[in-house]
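Student: Chains as they are written, first to last, in our numbering: chain W, 43 to 356; chain A, 109 to 416.
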Amino acid sequence: MSARRKIAVLHIGLLVLLFALQFVLPAYHHGNLARIMVLASYAVGYNILFGYTGLLSLGHALFFAAGMYGMALTVNHLGWTPAPALIAGLVAGLVVSAALGVLALRTAGVAFMIVTLMFAQAGYLTILYFGEWTRGDEGFVIQQAQRMLWGIDLSDPGNRYFAALTLFAVSLMVCLVLVRHPFGRTLVAIRENEERVRMLGYDTFAHKLGAVVISGTISAAAGAFYGLLFGYAGASFASVQYSIFPLLWVLLGGAGTVLGPFIGTLFMFYLIDLSSGVTTAYMLIAGVVLVLLTLFAPQGLVGELRRRVWRWLP
Amino acid sequence: MELGPYLLLATLEGAVTAAVLALTAVGLSLVFGVMRVVNIAHGEFFMLGAVIAWYVAQMMGGHPAIGFGAALIIAPLLVGIIAVAVDMTILKRIDYDPERTIVATIGVLYIIQQLTLMGYGPEARPVAPPFNTRLAIPWWEFKDGSLQMYWPWGLSTTSYKLAVICAAPVVLLGVWLMMARTKIGLLMRATQQDRDMALAFGIPVERVYALVFGIGAGLAALAAVLIVPIQQAHYLMGADPLLLSFIVVIIGGLGSLPGTVVAAILIGLSDGIISVFFSPTLAKILATLLVGLVLVFRPNGLFGTRGS
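1. Along the chain, where does the beta strand (DSSP E) containing Tyr-258(A) start, and where does it finish?
2. Using the DSSP secondary-structure output, state which residues sit across from Tyr-274(W) in a beta bridge.
3. Helix, strand or coil: how does DSSP classify Phe-65(W) here?
4. According to DSSP, which residues form a beta bridge with Thr-266(A)?
5. In the DSSP assignment, find the alpha helix (DSSP H) that holds Tyr-171(W) and state where it starts and stops.
6. In three-state DSSP terms, what is Glu-346(W)?
7. Going along chain A, which residues have a C-beta under 7 Å from Leu-163(W)?
8. Which residues share a DSSP beta bridge with Phe-250(A)?
9. Can you tell me whether Ala-45(W) is helix, strand or coil according to DSSP?
10. Below 8 Å between beta carbons is the criterion; list the residues of the region 259-292 of chain W that meet it against any residue of chain A, in chain order.
11. Counting C-beta neighbours from all protein chains within 10 Å, is the total for Glu-121(A) 16 or more, i.e. buried, or is it exposed?
12. Can you tell which of Ile-358(A), Asp-203(A), Val-356(A), Gly-376(A) has the C-alpha that lies nearest to the C-alpha of Tyr-317(A)?
13. Using 10 angstroms around the beta-carbon of Pro-277(A), count the other beta-carbons present and answer buried if the total reaches 16, otherwise exposed.
14. I'd like to know if the region 161-173 of chain A and the region 393-401 of chain A are in contact, where contact means that at least 3 CB-CB pairs between them fall below 8 Å.
15. Are Gly-109(W) and Ser-261(W) closer than 9 Å when you measure CB to CB?
16. Could you name the residues of the region 221-248 of chain A whose beta carbon sits closer than 7 Å to any beta carbon of chain W, in the order they occur along the chain?
17. From the beta carbon of Ala-328(W), is the nearest beta carbon of chain A less than 9 Å away?
18. Mapping DSSP to helix, strand and coil, what is Ala-395(A)?
19. Cβ of Arg-222(W) less than 9 Å from any chain A Cβ?
20. Where Ala-123(A) and Ile-189(A) are concerned, what is the direct C-alpha to C-alpha distance, given to the nearest angstrom?
21. Going straight from the alpha carbon of Phe-154(A) to that of Ile-245(A), what length do you get?
22. I need the straight-line Cα distance from Ala-211(A) to Leu-255(A), nearest angstrom please.
23. Any beta carbon from chain A within less than 9 Å of Met-310(W)'s own beta carbon?
24. Since Leu-218(W) is in the alpha helix (DSSP H), which residue starts that stretch and which ends it?
25. Using beta carbons (cut-off 9 Å, strictly below), is Tyr-88(W) in contact with chain A?
26. Closest by CA to Arg-31(W), which one among Leu-220(W), Thr-259(W), Ala-146(W), Leu-75(W)?
27. For Gln-222(A) and Val-239(W), what's the separation of their Cα atoms in angstroms?
28. Could you name the residues of chain A that Ala-323(W) contacts, counting a contact when the two beta carbons are closer than 7 Å?
29. Whole angstroms are fine: how far does the CA of Asn-240(A) sit from the CA of Ser-264(A)?
30. What span of residues does the alpha helix (DSSP H) with Asp-348(A) cover, start to end?
31. Opposite Phe-341(A) in the DSSP bridges: which residues?
32. Alpha carbon to alpha carbon, what distance is there between Tyr-258(A) and Ala-127(A)?
33. Report the CB separation of Val-272(A) from Trp-162(A) in whole angstroms; it is logged as a contact under 8 Å.
34. For Leu-142(W), I'd like the list of residues in its chain whose CB is within less than 6 Å of its CB, leaving aside the five on either flank, ordered along the chain.
35. Determine the direct distance from the alpha carbon of Asp-195(W) to that of Gly-296(W), and round the result to whole angstroms.
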């Protein structure tokens, strides 16, 4: 079997498996998996910038929140229906990521990380500042009646699962196509040696900006879906913690792999889910995993798998 | 009501903030300057200093000054040892790679914070100040053709706050003397200028790194011990000092100690005054945006001399 067919079989196989699982899973895990698929889409978006372009952002919560609030505010205050509201969320993410990209890409390395962190923090504080509309930390609920997409009730677990799967499938396919496209290959080249890519005549700034915008827009889509599917928007989704989470998921699953973000999100979600039953200090697990990963497995789970067994993994 | 006395009060409060901030930020700046790594867990070392001070004060009993005096020595020392352990077990093994260090210290941040939550609990606890005389703030006015001193009603500060304002310059002078006049300071500066050359000259660079990381954390802990009689010790108290130290270090120029001190005084003093005129959230928004924009457009800081 050629590498190309193996890749197709593996990824489509995963989507088919996820589709089939909804009929057998008990209600609790069914709900969890829907949540994981939306969060994994966020991680897929993050991975395009971090894993493939080599730009470590500490401010992706800004994009996630831009999508979530772009959707939720138009639904709640302008009375929009979900379809245009989702598009509003996507546009918000696109605009915010383009603006942040233009500013932050003037810096590199550690400065890039701090600049993204600071702008995301400013965004979080801005949401708190306009508490009259956003309800700040407390957040607001999106009513069931406001969550009817083309007559489909998205608060119903079955529909919700299917919507989450659709989002995840689209994100995964975008990522898969992107990394095999010349544009994506240039991003990988920038990660490996930006100086050389520039010398070969590529406009590295434009490529990096493209990566920020694609990554930010996918993250915003995840944010918008998260708000719509689970009926809640709150400022905590814009906090530093939600910038750290995708980094954690991608590092755990394997940066620069298509499947890594999903595997990382799946593992981390259940790790935190299990430990929060034992202690309130569940973020301890996140800290320990972060340290262990940087020390012993910078490649992540799928990265190690690629290094040892399946060298053809994209 | 006159503005003058209130401005004096705000300046005094701001000077306390500036004093504590200067110590914390110099710790962060020292680590960045010598080791070229950003320590995200710096605020947690600050928090640990405050929490350890509470434990020490609890154990000592007797007059508050005994517990506080002991905390002043024990807390920075303990935190320094913890930081050295973090350096040797984690940072050394990832070879001080700047980006991986940030990820690792984010992990350390959560580990320290959550372990404190498990051991110390979510309560905020006070430490008694060693001395706390209330001092009324004097003001002057022209009356009957001559300058007369009077005491505006209700405005006061405490002797402890004045002591904090005086203590910070002493400690900073000590840090400067260590860097400029001692052998170990010379080794640190040599390592800062050229790590490989220092290594070639037989300087134990890794031990210098561990020491610098320990001293940086110790300074944060010392600042926390000084502030804990005014603020209470709480497991989430590290976030604000971290953010403010970042702002100070970046405005002052990454790794430049004099710039850091100037920026700390500037930010500390203006923090009080800005908070009077704007809402604290808006002040924070402006401050974080300022840091981001300074990094984008003036990467060497407003007073910076060296690039990063």
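Backbone N, C-alpha and C fix where the C-beta goes; we use that ideal spot for every residue, glycine too. As the structure is a prediction and not an experimental result, all values here were calculated from the model.
Tutor: Put simply:
1. As a working note, residue 258(A) is residue 150 in the second sequence. Taken as a continuous stretch (DSSP letters only), the beta strand (DSSP E) holding Tyr-258(A) covers 254-258.
2. For this step, residue 274(W) is matched to residue 232 along the first sequence. Bridge partners of Tyr-274(W): Val-183(W).
3. Position 23 of the first sequence, counted from the start, is the residue given in the question as residue 65(W). For Phe-65(W), the secondary structure class from DSSP, reduced to helix, strand or coil, is coil.
4. Counted from its first residue, the second sequence places residue 266(A) at position 158. Thr-266(A) pairs with Arg-242(A).
5. Position 129 of the first sequence holds residue 171(W). Membership of Tyr-171(W) in the alpha helix (DSSP H) is indicated by the continuous run 152-171.
6. Locating residue 346(W) in the first sequence gives position 304, where the first residue counts as 1. Helix.
7. For the purposes of this step, residue 163(W) is taken as residue 121 along the first sequence, with counting starting at 1. For clarity, residue 163(W) is Gln in the given sequence; the question names Leu instead. Simply Thr-396.
8. By 1-based counting over the second sequence, the position of residue 250(A) is 142. Beta bridge pairing from DSSP links Phe-250(A) with Leu-255(A).
9. Counting from 1 along the first sequence, the entry for residue 45(W) is found at position 3. DSSP, reduced to helix, strand and coil, places Ala-45(W) within a helical segment of the structure shown.
10. Within the region 259-292 of chain W, the residues whose Cβ lies closer than 8 Å to some Cβ of chain A are Ile-286, Leu-289, listed in chain order.
11. Mapped onto the second sequence, residue 121(A) falls at position 13. So Glu-121(A) ends up on the buried side.
12. Reading the second sequence from its first residue, position 209 is the one you call residue 317(A). Cα-wise, what sits closest to Tyr-317(A) is Asp-203(A).
13. The sequence position of residue 277(A) within the second sequence is 169, counting from 1. The Cβ neighbour count for Pro-277(A), taken over all protein chains shown within 10 Å, is under 16; the residue is labelled exposed.
14. Using a Cβ-Cβ distance cut-off of 8 Å, the region 161-173 of chain A and the region 393-401 of chain A are not in contact, since fewer than three pairs of beta carbons, one from each stretch, lie closer than that value.
15. Here residue 109(W) refers to the residue found at position 67 of the first sequence. Here residue 261(W) refers to the residue found at position 219 of the first sequence. Here Gly-109(W) is near Ser-261(W), since their CB atoms are less than 9 Å apart.
16. Within the region 221-248 of chain A, the residues whose Cβ lies closer than 7 Å to some Cβ of chain W are Gln-222, Leu-223, Leu-225, Met-226, listed in chain order.
17. For the purposes of this step, residue 328(W) is taken as the residue at position 286 of the first sequence. Closer than 9 Å to some Cβ of chain A, the Cβ of Ala-328(W) qualifies, so yes.
18. For the purposes of this step, residue 395(A) is taken as the residue at position 287 of the second sequence. In the three-state scheme derived from DSSP, where H, G and I count as helix and E and B as strand, Ala-395(A) is classed as helix.
19. Taking the first residue of the first sequence as 1, we reach residue 222(W) at position 180. So no, Arg-222(W) is outside the interface.
20. Within the second sequence, numbered from 1, the residue matching residue 123(A) stands at position 15. Within the second sequence, numbered from 1, the residue matching residue 189(A) stands at position 81. Roughly 30 Å separates the two Cα atoms.
21. As a working note, residue 154(A) is residue 46 in the second sequence. As a working note, residue 245(A) is residue 137 in the second sequence. C-alpha separation (whole angstroms): 31 Å.
22. As a working note, residue 211(A) is residue 103 in the second sequence. As a working note, residue 255(A) is residue 147 in the second sequence. A quick correction: the sequence has Val, not Ala, at residue 211(A). Using only the alpha carbons, I get a separation of about 60 Å.
23. As a working note, residue 310(W) is residue 268 in the first sequence. It does not; no Cβ of chain A falls within 9 Å.
24. Counting from 1 along the first sequence, the entry for residue 218(W) is found at position 176. Segment 199-222, the alpha helix (DSSP H) holding Leu-218(W).
25. On the first sequence, residue 88(W) is found 46 positions in, with the first residue counted as 1. Not flagged as an interface residue toward chain A: Tyr-88(W), since no C-beta distance is shorter than 9 Å.
26. The displayed coordinates of chain W run from 43 to 356. Any statement about residue 31(W) would go beyond what the structure contains.
27. By one-based count along the second sequence, residue 222(A) stands at place 114. By one-based count along the first sequence, residue 239(W) stands at place 197. Approximately 43 Å, taken between the alpha carbons.
28. For the purposes of this step, residue 323(W) is taken as residue 281 along the first sequence, with counting starting at 1. Those within 7 Å of Ala-323(W) in chain A are Gln-222, Leu-225, Met-226.
29. Here the question's residue 264(A) lines up with position 156 in the second sequence. Here the question's residue 240(A) lines up with position 132 in the second sequence. One C-alpha to the other measures close to 12 Å.
30. The residue you call residue 348(A) lines up with position 240 of the second sequence. Its alpha helix (DSSP H) spans residues 347-360.
31. Indexing the second sequence from 1 puts residue 341(A) at position 233. Phe is not the amino acid found at residue 341(A); the sequence shown has Ala there. DSSP lists Arg-233(A) as the bridge partner or partners of Ala-341(A).
32. Indexing the second sequence from 1 puts residue 127(A) at position 19. Indexing the second sequence from 1 puts residue 258(A) at position 150. If I take the Cα positions, the gap works out to 28 Å.
33. Position 164 of the second sequence, counted from the start, is the residue given in the question as residue 272(A). Position 54 of the second sequence, counted from the start, is the residue given in the question as residue 162(A). Taking the Cβ atoms as the reference, Val-272(A) lies roughly 17 Å from Trp-162(A), outside the contact range of under 8 Å.
34. Within the first sequence, the letter at position 100 stands for residue 142(W). Residues Phe-161 of the same chain have their beta carbon placed closer than 6 Å to that of Leu-142(W), with the five preceding and five following residues left out of the count.
35. Here residue 296(W) corresponds to residue number 254 of the first sequence, with the count starting at 1. Here residue 195(W) corresponds to residue number 153 of the first sequence, with the count starting at 1. Answer to the nearest angstrom: the Cα atoms are 35 Å apart.
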